[in-house]
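Engineer:
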Amino acid sequence: MKNRKSIMAWIVFLCLFNYSAWSQEVSKQDYFYATVTTEDARDLQKQYPNEVIIYESVDGVSAVKMTVNAADHLHHNVLTHGPGYVYMSSLDKAVQSIKKAQANKSSKQAKQLAVNYTIDQDTYVNQSLNLVDNLEIENTIQTLVGYGTRYHTYSSATQSVVDIKAKWDNMAAGRSDISTRLVYHSSTNMPSAVLTIQGTTYPDEYVIIGGHIDSTNPSNNSNAPGADDDASGIATITEAARVLIEMDFRPQRTIEIMAYAAEEVGLRGSGEIAQDYSINNVNVIGYAQFDMTNYKGSTYDVYLINDQYTTPVLNNFMMQLMDHYNASGTHQLSYSTTQCNYGCSDHASWEAEGYNATFPFEASFSGSNPYIHTSSDTYNQAPLANSVHAAKFAKLALEFLIETAKADGGTTPTCNVPSGLSSSNITTSSATVSWSSASGAASYDIRYRIAGGSWVSTTSSSTSKSLSGLTVDTNYEFQVKSICSGQESAYSSSATFRTLSNNPVSYCASSGNDVSYEWIENVTVGSLNNTSSSDGGYADNTGQSVSLTAGNTYSVSLTPGFMYSSYSEVWRIWIDYNHDGDFTDPGEQVYSGTSSSTSSGSFTVPSGASSVTTRMRVSMRYNNAPSSCGSFDYGEVEDYTVTINGSLLAAKGGEKTVREAAGMKIFPNPANTETIALTIEDGFQDEGVVRIMTIDGKTLETKTIMEPRVEVDISRLPAGHTYILVFESGDVKKTQSFIKQQ
Ligand code: BES
Ligand code: ZN
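Residue numbers -23 to -1, 1 to 719, in mature numbering (1 follows the signal peptide of the UniProt record, and there is no 0), belong to the letters of the sequence shown in order.
Rendered as structure tokens:
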């Protein structure tokens, strides 16, 4: 990483020289103008008293003249920065630049205060999250890699921009409020592409996401696949746009999606665009950069870059979005923070113009993709298959866009998307799919496919449809949309099922020997409710089935029947999730309880469970825990069929999904109490520091904690606000927002 960075720094350096009147032959003793931090300038002056002249300093940054020799020294001593200084073509430019930076700072602060980020678009956001398709992202990345190189001087780079614009045009066909354009630049021949969705109510207020479409490989620019850097970002923002269009989202504010030219040679495309917006006083409410989204190289899913090139209020808003939408469930993702400490991507162009910018990144800086800027930045380097990691960033992009642009109230969907998808009557070649009736729907369109294959469509005027001609022992995915009078809804999120195999698995026998005192009277699991008196020790109820969805929690209620008086009964339920004919794999015992009356509780189907039709065994034994096989003295066993609607990820690629919580819990949240309970679930090392901050980054309270589980006093914090709690212990840092209620 260090190497790559210094190479990049030199490329930036040399490019800047190319722009100037300087000759290529630069002597070590030649002088040039630059801006540099005042601290660095003074240090350097001490070491090279005759080679550094400080002309003017504003707000910790100085306009200087120095030798290439001194600059070299600065550059080599910088560990976490880019070159360490910014080249300026004249003294005048250098002085102007530091003054502008100061003016920007105050105008930026004013702008930041003017924006009030809120979260109130749950219906739209949740609809959008279900529509994100990781395979669409994979496709776009592969297409971009196919250009061979997208280095800005190559015609293939320009072609990739022209083609992405064409793809966007196709997606937007029929929408007169959506337009696309190519933006031509003076600092490169490669154009950038922009897609605009015109806002209905506040068309002059902009919400923008972007990434760079160019790539680089300093050792051979004709082979720069740039799969992660940054085909992944372009694919991520393209998917966000595709979803907005699929759900027919009409924003109040104008939304723009940007694919920049020539980022790798000094943020040229974004630099020109951001400057142009600033000169024209375009009101940009927020900017989010997507550069490298598909390489999961660290513990958490998303790392927000929180160095001086991003904006704290917007970073905090991103964290609140993730707390609100991604804390649990199918769209769960975890986050942390990291830093570049130099203007490492296009967000810096927007930040430099005084706009609020944020940059959610694929990993911690040190854990990020090590193959970028080489011929090995190919698709298959990603640790998670099928662009699952990038899909999380598409979801975050949608949360950002929808919550900052806000839905046009006039288009609240009245033709609702169907929900509650399930499957039943599964055989080797057929299945019945069903769903809950959706308001406004006169009929439904159903589409199904072998997971990852092409869709087959059919229709139904009721809330179920039987599908035939299916392939044996195969995962299927299906979606349903409502057809209303004059309009139709978006497709629902997918549900899955698996057709039966020709070689059904068989199970060990199990039964109670004696049912003269007690038996299983009622089994209620989710929507299954079966009452029977004694079945003689065993009942094959596999003709009765219940549909369960991965990640969901189901209630259980188990009632014994007694002949004379009641006894203590031990209950167990197993589900053969992996369908291998036993109940002994980890997690297959889903319930255990002891009671002399009804035993009740719940269990959760693992979120990574695959689609399968399989066996559920319910066993009740007098006074002792039953095993899943064999017979026992007193009690009874009943077998049922369960159909698991597996996680889509498991169905699509078969890959394991990685789910980590942020490892820190705040309870209650929102808090209406004087204290909150803070639990550090991992990473606590002997002691740690807890900091409570306002959402604009001001620290209010700091406290050292010696235990991973503590009560934190919040009585002094004004009520009715959101706060950020930061926990730090060694190199572990966790951040989470909480609300103190009125
Ligand atoms: N995608 C990288 C930035 C990056 C790399 C961020 C690794 C975090 C971790 C970007 O395309 C890039 O290479 N930027 C240059 C600087 C830019 C001004 C040319 C860099 O990081 O050296
Ligand atoms: Zn990049």
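Ideal Cβ placement from N, Cα and C applies to all residues, glycine included. Being a predicted model, the structure only gives us computed values, none of them experimental.
Does DSSP put Arg127 in a helix, a strand or coil?
Structural biologist: Start at 1 with the first residue of the sequence shown, and residue 127 comes out as number 150. Of the three classes helix, strand and coil, the one that applies to Arg127 here is coil, per DSSP.
Engineer: At a threshold of 6 Å, does Asp268 count as lining the ligand ZN (C-beta to nearest heavy atom)?
Structural biologist: Numbered from 1 along the sequence shown, position 291 holds the residue referred to as residue 268. Asp268 Cβ: within cutoff of the ligand ZN.
Engineer: Mind checking Ser420: buried by the 16 CB within 10 Å criterion, or exposed?
Structural biologist: Position 443 of the sequence shown holds residue 420. Looking at its Cβ environment, which holds fewer than 16 other Cβ atoms inside 10 Å, Ser420 is exposed.
Engineer: Excluding the five sequence neighbours on either side, which residues of its own chain have a C-beta within less than 7 Å of the C-beta of Thr676, listed in chain order?
Structural biologist: Within the sequence shown, residue 676 is the residue found at index 699, counting from 1. So the qualifying residues of the chain are Arg668 and Met670.
Engineer: Would you check whether the ligand ZN has a heavy atom nearer than 6 Å to the C-beta of Asp207?
Structural biologist: Sequence index remark: in the sequence shown, residue 207 carries index 230 (1-based). Correct: Asp207 has its Cβ closer than 6 Å to the ligand ZN.
Engineer: Measure the alpha-carbon distance for Gly344 versus Gln104 and round it to whole angstroms.
Structural biologist: The count along the sequence shown starts at 1 and reaches residue 344 at position 367. The count along the sequence shown starts at 1 and reaches residue 104 at position 127. Cα to Cα, the separation comes out at about 32 Å.
Engineer: On the DSSP letters alone, give me the boundaries of the alpha helix (DSSP H) that Leu159 sits inside.
Structural biologist: One-based indexing of the sequence shown puts residue 159 at position 182. Careful: Leu159 lies outside any alpha helix (DSSP H), inside the beta strand (DSSP E) at Ile155 to Val160.
Engineer: Counting only the same chain and skipping the five closest in sequence on each side, list residues whose C-beta sits under 7 Å from that of Gly631.
Structural biologist: Position 654 of the sequence shown, counted from the start, is the residue given in the question as residue 631. Note that Gly631 scores 33 on pLDDT, short of 50, meaning its location in the model is unreliable and no value can be drawn from it.
Engineer: Going by C-alpha to C-alpha distance, which of Ala208, Thr351 and Thr130 sits closest to Gln242?
Structural biologist: Within the sequence shown, numbered from 1, the residue matching residue 242 stands at position 265. Reading the sequence as shown, one finds Val at residue 242 and not Gln. Nearest option by C-alpha distance: Thr130.
Engineer: Provide the residue span of the alpha helix (DSSP H) that contains Thr135, from first to last.
Structural biologist: For the purposes of this step, residue 135 is taken as the residue at position 158 of the sequence shown. Per DSSP, Thr135 belongs to the alpha helix (DSSP H) from Ser132 to Met148.
Engineer: Relative to the ligand BES, is the shortest distance from any of its heavy atoms to the C-beta of Cys317 smaller than 6 Å?
Structural biologist: Position 340 of the sequence shown, counted from the first residue, corresponds to residue 317. For the ligand BES, at least one heavy atom lies less than 6 Å from the Cβ of Cys317.
Engineer: CA-CA distance, Ala442 and Ser471?
Structural biologist: The count along the sequence shown starts at 1 and reaches residue 442 at position 465. The count along the sequence shown starts at 1 and reaches residue 471 at position 494. Note on residue identity: the sequence assigns Lys, not Ala, to residue 442. Near 15 Å, if we compare the C-alpha coordinates of Ser471 and Lys442.
Engineer: By a C-beta neighbour count over all protein chains shown, 10 Å radius and 16 as the cutoff for buried, is Cys485 buried or exposed?
Structural biologist: Against the sequence shown, residue 485 aligns to sequence position 508. Counting Cβ neighbours within 10 Å, Cys485 comes out exposed, since fewer than 16 surround it.
Engineer: Is DSSP giving Gln266 helix, strand or coil here?
Structural biologist: Looking up residue 266 in the sequence shown gives position 289. DSSP places Gln266 in strand when its eight states are reduced to three.
Engineer: Three-state secondary structure (DSSP) at Val55?
Structural biologist: Taking the first residue of the sequence shown as 1, we reach residue 55 at position 78. The pLDDT assigned to Val55 is 49, lower than 50, so where the model puts this residue is not dependable, and the model offers no usable value.
Engineer: Using only alpha-carbon positions, find the residue among Gly697, Ile96 and Thr157 that is nearest to Leu291.
Structural biologist: Counted from its first residue, the sequence shown places residue 291 at position 314. That would be Ile96, whose Cα lies nearest to the Cα of Leu291.
Engineer: Using a threshold of 7 Å, state whether the C-beta atoms of Ala467 and Met295 are closer than that.
Structural biologist: By 1-based counting over the sequence shown, the position of residue 467 is 490. By 1-based counting over the sequence shown, the position of residue 295 is 318. Taking 7 Å as the Cβ cut-off, Ala467 and Met295 do not qualify as a contacting pair.
Engineer: Contact between the stretch 347 to 361 and the stretch 267 to 280: three or more CB pairs below 8 Å?
Structural biologist: With the cut-off at 8 Å, the stretch 347 to 361 and the stretch 267 to 280 touch.
Engineer: Under the assumption that Tyr280 contacts Tyr312 (Cβ atoms under 8 Å), give the Cβ distance between them as a whole number of angstroms.
Structural biologist: Taking the sequence shown and counting its residues from 1, the one referred to as residue 280 is at position 303. Taking the sequence shown and counting its residues from 1, the one referred to as residue 312 is at position 335. The Cβ separation is near 7 Å, so the contact holds.
Engineer: Just list the residues that DSSP pairs Leu444 with in beta bridges.
Structural biologist: Here residue 444 is taken as the residue at index 467 of the sequence shown, counted from 1. According to DSSP, Leu444 bridges with Ala408.
Engineer: Between Ser322 and Leu244, what straight-line distance do the alpha-carbon atoms span, to the nearest angstrom?
Structural biologist: Locating residue 322 in the sequence shown gives position 345, where the first residue counts as 1. Locating residue 244 in the sequence shown gives position 267, where the first residue counts as 1. Rounded to the nearest angstrom, the two C-alpha atoms are 7 Å apart.
Engineer: So, for Gln521: in the same chain, excluding its five sequence neighbours on each side, which residues have a beta-carbon less than 8 Å away from its beta-carbon?
Structural biologist: Position 544 of the sequence shown, counted from the start, is the residue given in the question as residue 521. So the list reads Leu505, Asn507, Tyr617 and Thr618, once near-sequence residues are dropped.
Engineer: Could you give the distance in angstroms between the alpha-carbon of Thr451 and the alpha-carbon of Thr591?
Structural biologist: Position 474 of the sequence shown, counted from the start, is the residue given in the question as residue 451. Position 614 of the sequence shown, counted from the start, is the residue given in the question as residue 591. Each residue's alpha carbon lies about 14 Å from the other.
Engineer: Are the beta-carbon atoms of Tyr101 and Ala428 separated by less than 7 Å?
Structural biologist: For the purposes of this step, residue 101 is taken as the residue at position 124 of the sequence shown. For the purposes of this step, residue 428 is taken as the residue at position 451 of the sequence shown. Not a contact, by the Cβ cut-off of 7 Å.
Engineer: Taking only heavy atoms of the ligand BES into account, decide whether any of them is closer than 6 Å to the Cβ of Ser345.
Structural biologist: Taking the sequence shown and counting its residues from 1, the one referred to as residue 345 is at position 368. Answer for Ser345: yes, Cβ within range of the ligand BES.
Engineer: Have a look at Gly514 and Ser579 and give me their C-alpha separation to the nearest angstrom.
Structural biologist: On the sequence shown, residue 514 is found 537 positions in, with the first residue counted as 1. On the sequence shown, residue 579 is found 602 positions in, with the first residue counted as 1. The alpha-carbon atoms of Gly514 and Ser579 are separated by roughly 25 Å.
Engineer: Under three-state DSSP, which class holds Val(-12)?
Structural biologist: Translated into positions along the sequence shown, residue -12 becomes position 12. Note that Val(-12) scores 47 on pLDDT, short of 50, meaning its location in the model is unreliable; the coordinates nonetheless yield the value given after this. Val(-12) falls in the helix class under three-state DSSP.
Engineer: Throw me the rounded Cβ distance for the Thr652 and Arg686 pair, which I believe falls under 8 Å.
Structural biologist: Numbered from 1 along the sequence shown, position 675 holds the residue referred to as residue 652. Numbered from 1 along the sequence shown, position 709 holds the residue referred to as residue 686. So it is not a contact: roughly 13 Å between Cβ atoms.
Engineer: Just reading off the alpha helix (DSSP H) that Glu498 is part of, what are its end residues?
Structural biologist: Your numbering for residue 498 matches position 521 in the sequence shown. Glu498 -> not in any alpha helix (DSSP H); beta strand (DSSP E) instead, spanning Glu495 to Val502.
Engineer: Give the secondary structure of Lys717 by DSSP, where H, G and I count as helix, E and B as strand, and everything else as coil.
Structural biologist: Counting from 1 along the sequence shown, the entry for residue 717 is found at position 740. Lys717 falls in the strand class under three-state DSSP.
Engineer: Report the three-state DSSP secondary structure of Ala415 (helix, strand or coil).
Structural biologist: Mapped onto the sequence shown, residue 415 falls at position 438. In the structure shown, Ala415 sits in coil (DSSP, three-state: anything other than H, G, I, E or B).
Engineer: Are Ser400 and Phe474 close, meaning C-beta to C-beta below 7 Å?
Structural biologist: The residue labelled residue 400 in the question sits at position 423 within the sequence shown. The residue labelled residue 474 in the question sits at position 497 within the sequence shown. A contact, by the Cβ cut-off of 7 Å.
Engineer: State the start and end residues of the unbroken beta strand (DSSP E) segment that holds Leu172.
Structural biologist: Here residue 172 refers to the residue found at position 195 of the sequence shown. Taken as a continuous stretch (DSSP letters only), the beta strand (DSSP E) holding Leu172 covers Ser169 to Ile174.
Engineer: Taking Val109 as the reference, which of Thr526, Val523 and Leu375 has the closest Cα?
Structural biologist: Locating residue 109 in the sequence shown gives position 132, counting from the first residue. Of the candidates Thr526, Val523 and Leu375, the one whose C-alpha sits nearest the C-alpha of Val109 is Leu375.
Engineer: For the stretch 203 to 276, list the beta strand (DSSP E) runs that are entirely contained and at least 3 residues long, ordered along the chain.
Structural biologist: Complete beta strand (DSSP E) runs here, min 3: 230 to 237 and 260 to 266.
Engineer: What are the residues that DSSP puts in a beta bridge with Ser401?
Structural biologist: On the sequence shown, position 424 is the one that residue 401 refers to. Bridge partners of Ser401: Thr409.
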